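Chains as they are written, first to last, in the numbering used here: chain A, -13 to 333; chain B, 13 to 196. Backbone N, C-alpha and C fix where the C-beta goes; we use that ideal spot for every residue, glycine too. All figures in this text were calculated on a predicted structure; none of them were measured in a lab. Below is one structure, written out as structure tokens, with a few remarks after it.
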């Protein structure tokens, strides 16, 4: 029995953390759909949903309920297994990224010190990139299995778009890694807590990362995979009921997660500016940390929506031109510049 | 070619300069414009809670009028039905029996009076045709419904509330508009 001396408390603590993080990101994604409609309305001088509950706050529940009760249609000529696998995979990969994100510092509970990070792996950034690029498989499989030309075109666009923008994103990331010298997200946050936020050292890198994040999330102006006016619904044309809901939901979770990652990488994660966390009790510091992170995330999510309701969609060749001929050279230049500066100052 | 108006403008085809090709300043400018709309007043009215005031000449749902003692004015002469360009009005006349003097003002009355609100175009010609001051277009409009037959309004739906039994509802139904001088 001595061989199996796993700390049971650790297992329970991690399980609780996983449940909390996943349910929190689901709820946040739900309310992001509501926020999107509200922000769109406000930016267009409309009122937005305000009928279900006070200020329309129950609207996402009503939407979810509607999707659950809709008829489930699986096209006759689709491959059924892949058709169901597509949205499941999209949802799963969207949720998986949250495992390595440090949501806050340690909290003291029942005499234990609990880290608010599910897994502090030392290749956190690589893990995020790996999982995020898996996300396209859900879209591709779903679109291929639909046996519909519009879906297939949408899937093709999603795949090529994500491949093109992943490159620039990775290269802009390398420049950041040269500055921080670590791949662990926790480590990066601690560095930024002690020093300055990374966005000060990497403004160009952040800009490239931001643009690529828009493309990775299939958000306007890069929402070509689901361009309504040319591809009907893009990759989810044939989907109905909660499977469609999963695709739409995965998009919002992706948006949330990429906001968290941008906040963590470039804006200090759970670091509240002008507050010295070491002077506070650990629980208080953790609470402030979570609030700070969520505040940053809300700003980013608002930015996503703000951009969506401001600028139109790119044409496909413009998208490819921007990805390959502007962003990648720019990211390479940024990497070179960062390397040169580091070498010059012997940091 | 001779232009029809002097409003046509030559489209500038000159290549974009570096700042324009960066797109980011233009995007930022657009975002400032959309952001400024957050603070604009919303023109939408929360309808059932708040209603837009109607113009004084608004022609809405018809009401069948009563006189001060609560007797129905309509004598089923049929002039409104003749005047109606949409042929929305149907009626059946009946003779007033002894003892019904408190219900109907004259010897003849409308036993059945129906207006099909799906046909009605709210032109107000019935109001103009009526010699007995019996039909008016009110300040409300037809509420939505689920079935077509619900839109055929019978006399019960159209009659104004009784001025003695239900004076507040009567005053409300009369509205604030000054009445036209009676033709009689």
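Close Cβ partners of residue i (< 6 Å) along its chain, the five nearest in sequence each way excluded
| i | result |
| --- | --- |
| residue 39 of chain A | none |
| residue 160 of chain A | 321 |
| residue 126 of chain A | 141, 145 |
| residue 119 of chain B | 108 |
| residue 144 of chain B | 85, 87 |
| residue 141 of chain B | 91, 92, 95 |
Chain B within 7 Å of residue i, Cβ atoms only
| i | result |
| --- | --- |
| residue 314 of chain A | no |
| residue 296 of chain A | yes |
| residue 205 of chain A | no |
| residue 33 of chain A | yes |
| residue 12 of chain A | no |
| residue 28 of chain A | yes |
| residue 327 of chain A | no |
Contacting residues, own chain, Cβ-Cβ under 7 Å from residue i (five flanking each side not counted)
| i | result |
| --- | --- |
| residue 343 of chain A | Because chain A in this structure spans residues -13 to 333, residue 343 of chain A falls outside the shown range and cannot be described. |
| residue 173 of chain B | 181, 182, 185 |
| residue 185 of chain A | 192, 252, 253 |
| residue 90 of chain B | 103 |
| residue 326 of chain A | none |
| residue 249 of chain A | 255, 279, 282, 283, 286 |
| residue 56 of chain A | 226, 227 |
| residue 130 of chain B | 160, 163 |
Cutoff 7 Å: residue i Cβ touching any chain A Cβ
| i | result |
| --- | --- |
| residue 26 of chain B | no |
| residue 43 of chain B | yes |
| residue 52 of chain B | yes |
| residue 180 of chain B | no |
| residue 49 of chain B | yes |
| residue 46 of chain B | yes |
| residue 39 of chain B | yes |
| residue 30 of chain B | no |
| residue 160 of chain B | no |
Whole-Å CB distance - residue i paired with residue j, under 8 Å assumed
| i | j | result |
| --- | --- | --- |
| residue 83 of chain B | residue 114 of chain B | 7 Å |
| residue 143 of chain A | residue 210 of chain A | 5 Å |
| residue 254 of chain A | residue 188 of chain A | At roughly 13 Å, the Cβ-Cβ gap does not stay under 8 Å, so residue 254 of chain A and residue 188 of chain A are not in contact. |
| residue 83 of chain A | residue 46 of chain A | Actually they are not in contact, since the Cβ atoms of residue 83 of chain A and residue 46 of chain A sit about 22 Å apart, beyond 8 Å. |
| residue 286 of chain A | residue 207 of chain A | At roughly 17 Å, the Cβ-Cβ gap does not stay under 8 Å, so residue 286 of chain A and residue 207 of chain A are not in contact. |
| residue 93 of chain A | residue 298 of chain A | Their Cβ separation, rounded to whole angstroms, is 45 Å, which puts residue 93 of chain A and residue 298 of chain A out of contact at 8 Å. |
| residue 175 of chain A | residue 256 of chain A | 6 Å |
| residue 129 of chain A | residue 137 of chain A | 4 Å |
| residue 46 of chain B | residue 295 of chain A | 6 Å |
| residue 133 of chain A | residue 63 of chain A | 5 Å |
| residue 170 of chain B | residue 127 of chain B | 7 Å |
| residue 190 of chain A | residue 50 of chain B | At roughly 29 Å, the Cβ-Cβ gap does not stay under 8 Å, so residue 190 of chain A and residue 50 of chain B are not in contact. |
| residue 138 of chain B | residue 95 of chain B | 6 Å |
| residue 260 of chain A | residue 15 of chain A | The Cβ separation is near 31 Å, so there is no contact. |
| residue 247 of chain A | residue 81 of chain A | Not really, about 14 Å apart at Cβ, beyond 8 Å. |
Sequence-distant residues of the same chain with beta carbon closer than 8 Å to residue i, five excluded per side
| i | result |
| --- | --- |
| residue 27 of chain B | none |
| residue 37 of chain A | 45 |
| residue 112 of chain A | 169 |
| residue 266 of chain A | 274 |
| residue 212 of chain A | 140, 204, 219, 220, 221, 222 |
Minimum Cβ-Cβ distance from residue i to chain E less than 7 Å
| i | result |
| --- | --- |
| residue 57 of chain B | In summary, chain E is missing from the structure at hand, where the protein chains are A and B. |
The ligand MG heavy atom lying under 6 Å from the CB of residue i
| i | result |
| --- | --- |
| residue 91 of chain A | Ligands in the displayed structure: none, and consequently the ligand MG is not present. |
Ignoring anything shorter than 4 residues or poking outside the region 21 to 93 of chain A, list the alpha helix (DSSP H) runs there in chain order. Qualifying alpha helix (DSSP H) stretches, in chain order: 45 to 55, 66 to 82.
- Which runs of the alpha helix (DSSP H), 4 residues or longer, sit entirely within the region 252 to 293 of chain A? You should have found no qualifying run.
Note down, one range per segment and in chain order, each beta strand (DSSP E) of at least 3 residues found wholly within the region 67 to 117 of chain B. Residue ranges of uninterrupted beta strand (DSSP E) with 3 or more members, entirely inside the region 67 to 117 of chain B and ordered along the chain, are 74 to 76, 101 to 107.
| Length at least 3, wholly inside the region 84 to 146 of chain A: the beta strand (DSSP E) runs in chain order | Annotation: the region 84 to 146 of chain A contains the following complete segments of the beta strand (DSSP E) (minimum length 3 residues), in chain order: 93 to 95, 98 to 100.
(Q) So within the region 172 to 246 of chain A, which uninterrupted alpha helix (DSSP H) runs reach at least 4 residues, ignoring any that extend past its ends? (A) Segments of the alpha helix (DSSP H) lying fully in the region 172 to 246 of chain A: 184 to 187, 189 to 202, 214 to 217.
How about the region 189 to 205 of chain A and the region 144 to 153 of chain A: do they share at least three Cβ pairs that are nearer than 8 Å? At 8 Å Cβ cutoff, the stretches touch.
Could you say if the region 299 to 318 of chain A and the region 219 to 226 of chain A meet the contact criterion of at least three C-beta pairs nearer than 8 Å? Counting Cβ pairs under 8 Å, fewer than three are found: no touch.
Minimum length 3: unbroken beta strand (DSSP E) runs contained in the region 108 to 164 of chain B = If only complete runs of 3 or more residues are kept, the region 108 to 164 of chain B shows the beta strand (DSSP E) at 120 to 128, 147 to 149, in order along the chain.
Next on the checklist: Taking 8 Å as the cut-off, does the region 30 to 38 of chain B touch the region 271 to 289 of chain A (at least 3 CB pairs, one atom from each stretch)?
Outcome noted: Per the Cβ contact rule, the region 271 to 289 of chain A is not in contact with the region 30 to 38 of chain B (fewer than 3 Cβ pairs under 8 Å).
Q. Touch check for the region 225 to 235 of chain A and the region 68 to 83 of chain A: three-plus C-beta pairs under 8 Å?
A. The count of Cβ pairs closer than 8 Å, one atom from the region 225 to 235 of chain A and one from the region 68 to 83 of chain A, reaches three, so the stretches are in contact.
Indicate whether the contact test is met: 3 or more Cβ pairs, each with one atom in the region 76 to 96 of chain A and one in the region 264 to 272 of chain A, closer than 8 Å.
Counting Cβ pairs under 8 Å, three or more are found: they touch.
Quick check: the region 63 to 75 of chain B against the region 149 to 162 of chain B, are at least 3 beta-carbon pairs closer than 8 Å? Touching, yes.
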